Amino acid sequence: MSAPAAAAITVAGTAAGLSDDELLAAYAWDFPSGRADGPLFRFNFVASVDGAAALDGRSGGLGDGADSRVFALLRQTADVILVGAGTVRAEGYSGELLAPDSQSWRGARGMTAHPGLAIVSGSLDLAPDSALFREAPVRPLLLTAATAPAGRRAALERVADVVVAGEPTVEPDQVARALAGRGFLRVLCEGGPQLLGSFQAADLVDELCLTVSPLLTAGTATRITAGTPEMTPHRMELVHVLRGGDTLLLRYGRAGAGTTGSS
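Under the UniProt record's numbering, residues 1 to 263 are what the sequence shown spells out, in order.
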């Protein structure tokens, strides 16, 4: 049985579908002037048209074929995937991070087959015998707080690299230093809202790739950013608007950053 065709994605207002190479160019990593040594934090989220960040507790329920296609391509070019422990549990992270063709694409360009996986967990409430660690294609990096229970830390150090990145909570600036120290400059952040909220408060959100799902969900689902008090808004600049059917794929960058055009 043949593989299903890739979901068609176009530049909004046009009819011609974009190839994977054209999508990769549209999502090239643009380091702000003077920041070529990174890291650059790109957040990728999906939300309903009425602002919900999840459906039945999972963001995956809001996505479609177009969102999945961009999701995979964003992973393909990242040095590391950064994610909060709550999202890891809710979305069931485990096993291969990329399809074989994406691994081959990376290998042909001198990259490791898989991006790194970095998990933010202040409490280290993760099971060391879970599929997340058993089936990991790369040894995960756990970024935690100095107050994390010593017993949990000792157990997880057998299956992951554990790094203290703040006290009493994980601090985004220390996360940035820890990732840069490992050569992770292209950081793809996949959630959740608490992680985005903390990075927004620290003024470390360089990009937001937002899929707008054509669903009205109502209910009490959280927004894509949560856990921080209302603050002075951070202005973002629209980089592009793509369309996959009734789904919009938006890319925003930090306003006035200036870019070098690095990929």
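By construction, the Cβ of each residue, glycine as well, lies at the ideal position given by its N, Cα and C atoms.
What you are looking at is a predicted structure, and each value in this text was computed from that prediction instead of being measured.
- Cβ-Cβ distances below 7 Å link A176 to P39, L204 in the same chain, with the five nearest sequence neighbours on each side left out; the list follows chain order.
- In this chain, G244 is not harboured by any alpha helix (DSSP H); it is covered by the beta strand (DSSP E) spanning 236-244.
- When beta bridges are read from the DSSP output, E207 appears opposite R42, G253.
- Its chain contains D20, G65, R69 as the residues whose beta carbon lies nearer than 8 Å to that of A6, once the 5 sequence neighbours on both sides are disregarded; these appear in chain order.
- The region 102-118 makes contact with the region 179-194; the number of CB pairs closer than 8 Å reaches 3 or more.
- For L82, the uninterrupted beta strand (DSSP E) segment begins and ends at 80-84.
- D101 and R109 have their alpha carbons spaced roughly 13 Å apart.
- For A255, the CB contacts under 7 Å within the same chain, skipping 5 residues up- and downstream, are R235, M236, E237 in chain order.
- Between R223 and A90, the CB-CB gap reaches or exceeds 7 Å.
- At a cut-off of 4 residues, the continuous stretches assigned as alpha helix (DSSP H) that sit fully inside the region 160-204 are 172-181, 193-201.
- It is roughly 33 Å from the alpha-carbon of P32 to the alpha-carbon of G61.
- In the structure shown, the three-state DSSP call for R158 is coil.
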